[in-house]
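The structure appears below as structure tokens.
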Amino acid sequence: MIEGVLERIKDYHSNGLKLVVASSASMPNIDRIFNRFELNQFFVGKFSGADLEKSKPHPEIFIKAAEHTGFNKSECMVIEDSTNGIKAAHSAGIFCAGFKSEHSSGQDYTLANVIVSSFDELSFLNHKTFFNQSM
């Protein structure tokens, strides 16, 4: 797991945010990771692009994930490290934090609302600052 991810998941969960994973990975792979790191307790939903008609950069997966939370898209945030994922979030009309790391070289972050290189930058306390800057 990428450094800081588990801490951020726990931070968001303890502050009452509804977490949904929306991944291009297959559901068996998503479940394997969730079981290995005991993540199911923190998430209200899981979506696999492999189970949808269209994959990223099509926005379908993020639209479905947002609908699953019961919140408006304007109240949601996507954290993405790929060009196609950022394009999908942008097309869905959902705020996107582009995560730039050594594992995601060569990606285009121009459509991200904010670009971060550490999950510390995405703490619950900071997320309101990001939203206010982009509005």
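Residue numbers are given in full-length UniProt numbering: position 61 of the sequence shown equals residue 61, and the series is strictly consecutive.
From the three backbone atoms N, C-alpha and C, an ideal C-beta is built for every residue, glycine too.
Where does the unbroken beta strand (DSSP E) through residue 79 begin, and where does it stop? 77-80
> Where do the N-terminal and C-terminal ends of the beta strand (DSSP E) with residue 22 fall, by residue?
Replying inline: 19-23
Query raised in the report: Excluding the five sequence neighbours on either side, which residues of its own chain have a C-beta within less than 7 Å of the C-beta of residue 93, listed in chain order?
Result: 73
Please state the DSSP three-state secondary structure of residue 37. coil
Legend entry - Range of the contiguous alpha helix (DSSP H) that encloses residue 85: 83-92
In this structure, how does DSSP classify residue 48 when only helix, strand and coil are distinguished? strand
* Asked: CB-CB under 6 Å to residue 85, same chain, minus the five flanking residues each way: which ones, in chain order?
  -> 56
- Query: With a cut-off of 8 Å, do at least 3 Cβ pairs link the region 106-119 to the region 42-61?
  - Reply: no
request  = Could you pull out every residue in the same chain whose Cβ sits closer than 6 Å to the Cβ of residue 82, ignoring the five residues on either side in sequence?
outcome  = 107
Beta carbon of residue 116 nearer than 7 Å to that of residue 125: no
**Prompt:** Roughly how many angstroms lie between the CA atoms of residue 45 and residue 18, to the nearest whole one?
**Reply:** 9 Å
| message | So, at 7 Å on beta carbons, what are the nonlocal neighbours of residue 22 in its own chain, with the 5 sequence-adjacent residues on each side left out? | response | 47, 61, 62 and 65
Proximity winner among 78, 35 and 118, relative to residue 91 (alpha-carbon distances) = 78
Just to check my reading of the structure: residue 5 and residue 119 have Cβ atoms closer than 8 Å, yes? What is that Cβ distance to the nearest angstrom? 6 Å
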